[in-house]
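Residue numbers for the sequence shown follow the working numbering, so the first one is 1 and each next one is one higher.
To keep things clear, I will list the structure first and then write my remarks on it.
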Amino acid sequence: MRFLIEYKDFKTKEEKQVSLELLETFLNEHLIGEFYGSTFECILVRFIHNPTSKKKYRKRVLYDDIAEIELEATFVNNAKLNIDDFLTGLHKVKEAILMVKTIPLKTALDFNEHKILSDLQSSIKSAPATSKELKEYSANQAQTKQHNWAKMVDLSIKRATLNPRPLTKPLITVNVSSPIDETEPDFSFIYTEIFSNLLRKAEVMLPGYNHIFIRLADTLVEAKQESAPNDRGKDTFAILDTKKYITSDTATKSKMMLNSIAEALRYIANFEHLDKSKIEAVIKKVEEEGTDLELIYFSKQNIKYLAEVTYTVPQSHLTNATFNLRVTDLTSNIVKTVKIDDINLFWCPYSFGSINIKKDSIVIKGRSSHRAEISRRADKLPDGYSFTINNIFS
Numbered sequence: 001m002r003f004l005i006e007y008k009d010f011k012t013k014e015e016k017q018v019s020l021e022l023l024e025t026f027l028n029e030h031l032i033g034e035f036y037g038s039t040f041e042c043i044l045v046r047f048i049h050n051p052t053s054k055k056k057y058r059k060r061v062l063y064d065d066i067a068e069i070e071l072e073a074t075f076v077n078n079a080k081l082n083i084d085d086f087l088t089g090l091h092k093v094k095e096a097i098l099m100v101k102t103i104p105l106k107t108a109l110d111f112n113e114h115k116i117l118s119d120l121q122s123s124i125k126s127a128p129a130t131s132k133e134l135k136e137y138s139a140n141q142a143q144t145k146q147h148n149w150a151k152m153v154d155l156s157i158k159r160a161t162l163n164p165r166p167l168t169k170p171l172i173t174v175n176v177s178s179p180i181d182e183t184e185p186d187f188s189f190i191y192t193e194i195f196s197n198l199l200r201k202a203e204v205m206l207p208g209y210n211h212i213f214i215r216l217a218d219t220l221v222e223a224k225q226e227s228a229p230n231d232r233g234k235d236t237f238a239i240l241d242t243k244k245y246i247t248s249d250t251a252t253k254s255k256m257m258l259n260s261i262a263e264a265l266r267y268i269a270n271f272e273h274l275d276k277s278k279i280e281a282v283i284k285k286v287e288e289e290g291t292d293l294e295l296i297y298f299s300k301q302n303i304k305y306l307a308e309v310t311y312t313v314p315q316s317h318l319t320n321a322t323f324n325l326r327v328t329d330l331t332s333n334i335v336k337t338v339k340i341d342d343i344n345l346f347w348c349p350y351s352f353g354s355i356n357i358k359k360d361s362i363v364i365k366g367r368s369s370h371r372a373e374i375s376r377r378a379d380k381l382p383d384g385y386s387f388t389i390n391n392i393f394s
């Protein structure tokens, strides 16, 4: 259970209280990695100092899974860390927990009050009891907060592992976030494009979202610091030895990045119960064919021809990709390829809206939106491309 501690002084309008900020770190150190029911992911305790006579204290659900509780409390010094304010807040938390079950809900409450109170009581035994102990605890706050966040991510992963959800949405993209800024070759960009394309073509399905975000760092704790709740996608993590990476040659860098990405994909496949066979097939393909493999952007087929728009990923997002039209005569199995254009991968969807195989030609049309027209005009690209079939096979 995650705790958020907030403060508001209605007399001075202050909202910062340094002792309570440290209290939030302490509570999360002991409780953030524990599961106390499915109704709430977080308890937000807001301490009210010097309330007005008409103040009404909130007790409600916030953002579907946060229990928001307001309590009156008196503190000594907002700006200076002190043991009195820390302990005042700590002992008032029990009162907030007891109020959770009184929050009006539309569904049945799933909240293990007994267990969280027991764990809170156990944590109090190890809490700072003197000003000296509080200062010593404060000295390690930054490191403790890092580990707390990693624990929260681990709990989310544990929930996903224990409670499989139906795979309802198709994967659209895989985004690789690397701790290293690269120019050329930019392997995080290259593998982002490759895995997005191949996993999409493999029709990998996800539980309620469309995107996978791969976070890489020297340690898993560091990688998990980049994680944040996102309805559009899910984070997964792996280690990338940055010191070794920076000093390695190009081939070794490529292999290191690929290994880390494969590890992250296998990780999320496990805890989200994805189709591992599809993911492993894509990993194997990339391992065998490398970063120069030819990707299919989209295709169209009739009884005579298969038309495919293909490309390879450039070394950097700043470089345009060369798109080709590959046409297969389904009667003779003869394959011919002609160049379409050099287009930036970010903007290429505006140039490739549809592909049609006509009697004598293959026509590629760009999207018809105003935004697409502006984009093509800025890049001096046509609204479409037409290729005569006889010329392609001549």
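Glycine included, every Cβ here is placed at the ideal spot set by N, Cα and C.
All values reported here derive from a predicted model rather than from experimental measurement.
Between the CA atoms of residue j and residue i - distance to the nearest angstrom
i: Lys115; j: Tyr36; result: 7 angstroms
i: Thr215; j: Lys101; result: Note on identity: in this sequence residue 215 is Arg, with Thr being the wrong assignment. Distance between the alpha carbons of Arg215 and Lys101: 37 angstroms.
i: Glu24; j: Ala281; result: 45 angstroms
i: Val204; j: Gly384; result: 31 angstroms
i: Pro166; j: Pro207; result: 5 angstroms
i: Thr130; j: Arg232; result: 45 angstroms
i: Thr319; j: Asn259; result: 25 angstroms
i: Thr310; j: Glu68; result: 52 angstroms
i: Asp406; j: Glu373; result: Outside the shown range of the chain (1 to 394) lies residue 406, about which nothing can therefore be said.
i: Asp329; j: Val335; result: 6 angstroms
i: Ile212; j: Leu325; result: 29 angstroms
i: Lys80; j: Lys135; result: 11 angstroms
i: Asp235; j: Thr192; result: 14 angstroms
i: Tyr267; j: Ser277; result: 14 angstroms
i: Glu288; j: Lys255; result: 11 angstroms
i: Phe323; j: Arg377; result: 18 angstroms
i: Lys125; j: Asn82; result: 18 angstroms
i: Asn333; j: Asn302; result: 14 angstroms
i: Leu265; j: Tyr57; result: 45 angstroms
i: Ile103; j: Ser118; result: 21 angstroms
i: Tyr137; j: Ser248; result: 40 angstroms
i: Gly290; j: Lys300; result: 26 angstroms
i: His370; j: Phe346; result: 17 angstroms
i: Asp181; j: Lys94; result: 46 angstroms
i: Lys55; j: Thr161; result: 43 angstroms
i: Ser196; j: Glu133; result: 50 angstroms
i: Pro349; j: Val174; result: 17 angstroms
i: Ile389; j: Asp360; result: 6 angstroms
i: Ile364; j: Ser375; result: 17 angstroms
i: Pro164; j: Thr107; result: 21 angstroms
Cβ-Cβ separation, residue j to residue i (assumed contact under 8 angstroms), whole Å
i: Ile246; j: Ala262; result: Between Ala262 and Ile246 the Cβ distance is about 21 angstroms, and since that is not below 8 angstroms, they are no contact.
i: Thr52; j: Ala73; result: No, Thr52 and Ala73 are not in contact; Cβ-Cβ is about 15 angstroms, not under 8 angstroms.
i: Asp395; j: Val76; result: The requested residue 395 is not part of the displayed model; the chain covers only 1 to 394.
i: Leu199; j: Leu171; result: 5 angstroms
i: Asp292; j: Thr312; result: 6 angstroms
i: Ile357; j: Val286; result: Their Cβ separation, rounded to whole angstroms, is 30 angstroms, which puts Ile357 and Val286 out of contact at 8 angstroms.
i: Ala127; j: Leu98; result: With 8 angstroms as the limit, Ala127 and Leu98 do not qualify as a contact, their Cβ atoms being about 19 angstroms apart.
i: Leu22; j: Gln141; result: 6 angstroms
Residues near residue i by beta carbon distance below 6 angstroms, same chain, minus five either side
i: Glu14; result: Asn78
i: Ala217; result: Pro179, Ala223
i: Ile362; result: Ala307, Phe387
i: Phe10; result: Asn50, Pro51, Thr52
i: Ala202; result: Lys278, Val282
i: Glu41; result: Asp65
i: Ser316; result: Glu184, Asp186
i: Thr39; result: Leu109, Asp110, Phe111
i: Glu6; result: Arg46
Beta carbon proximity, residue i to chain D, threshold 7 angstroms
i: Ile69; result: No chain D is present in this structure, which holds just one protein chain.
The ligand SAH heavy atom lying under 6 angstroms from the CB of residue i
i: Lys94; result: In the structure on display, the ligand SAH does not appear, and there are no ligands present to speak of.
Close beta carbons around residue i, own chain, < 8 angstroms, minus the five adjacent residues each side
i: Gly33; result: Lys151, Met152, Asp154, Leu155
i: Lys169; result: Met205, Leu206, Pro207, Gly208, Tyr209, Asn210
i: Leu105; result: Thr39, Val61
i: Ser177; result: Ser188, Phe213, Ile214, Arg215, Leu216, Glu226
i: Ala96; result: Ile43, Val45, Ile69, Leu71
Residues near residue i in its chain [Cβ-Cβ closer than 7 angstroms; skip 5 each side]
i: Arg60; result: Glu68, Ile103
i: Leu381; result: Asp341, Ile343, Ser351
i: Thr219; result: Ile239
i: Lys339; result: Thr322, Asn324
i: Lys253; result: Phe187, Tyr245
Continuous beta strand (DSSP E) assignments of at least 3 residues falling wholly in the stretch 111-183: Fully enclosed beta strand (DSSP E) runs of 3 or longer: 173-177.
Taking one C-beta from the stretch 176-195 and one from the stretch 110-120 each time, how about it: are there three or more such pairs within less than 8 angstroms? no
For the 8 angstroms Cβ check, are there 3 or more pairs between the stretch 224-236 and the stretch 339-353? no
Whether or not the stretch 143-153 and the stretch 24-33 are in contact is what I'm after, with contact meaning three or more pairs of Cβ atoms, one per stretch, closer than 8 angstroms; do they touch? With a cut-off of 8 angstroms, the stretch 143-153 and the stretch 24-33 count as touching, because enough Cβ pairs lie within range.
Which parts of the stretch 189-233 are runs of the beta strand (DSSP E), unbroken and 3 residues or longer, counting only runs that do not cross its ends? 211-217
Taking contact to mean at least 3 C-beta pairs separated by less than 8 angstroms, is the stretch 4-18 in contact with the stretch 43-51? Output reads yes: the stretch 43-51 touches the stretch 4-18.
Are the stretch 265-282 and the stretch 157-164 in contact at 8 angstroms, needing three or more beta carbon pairs? yes
Segment contact flag, the stretch 235-245 with the stretch 303-310, C-beta cutoff 8 angstroms, min 3 pairs: no
Enumerated in chain order, which unbroken segments of the alpha helix (DSSP H) with a length of 4 residues or greater are wholly contained in the stretch 270-346? Restricted to the stretch 270-346, the alpha helix (DSSP H) segments that are unbroken, complete and at least 4 residues in length are 276-289, listed in chain order.
Ordered list of beta strand (DSSP E) runs contained in the stretch 362-390, each at least 3 residues: 384-388
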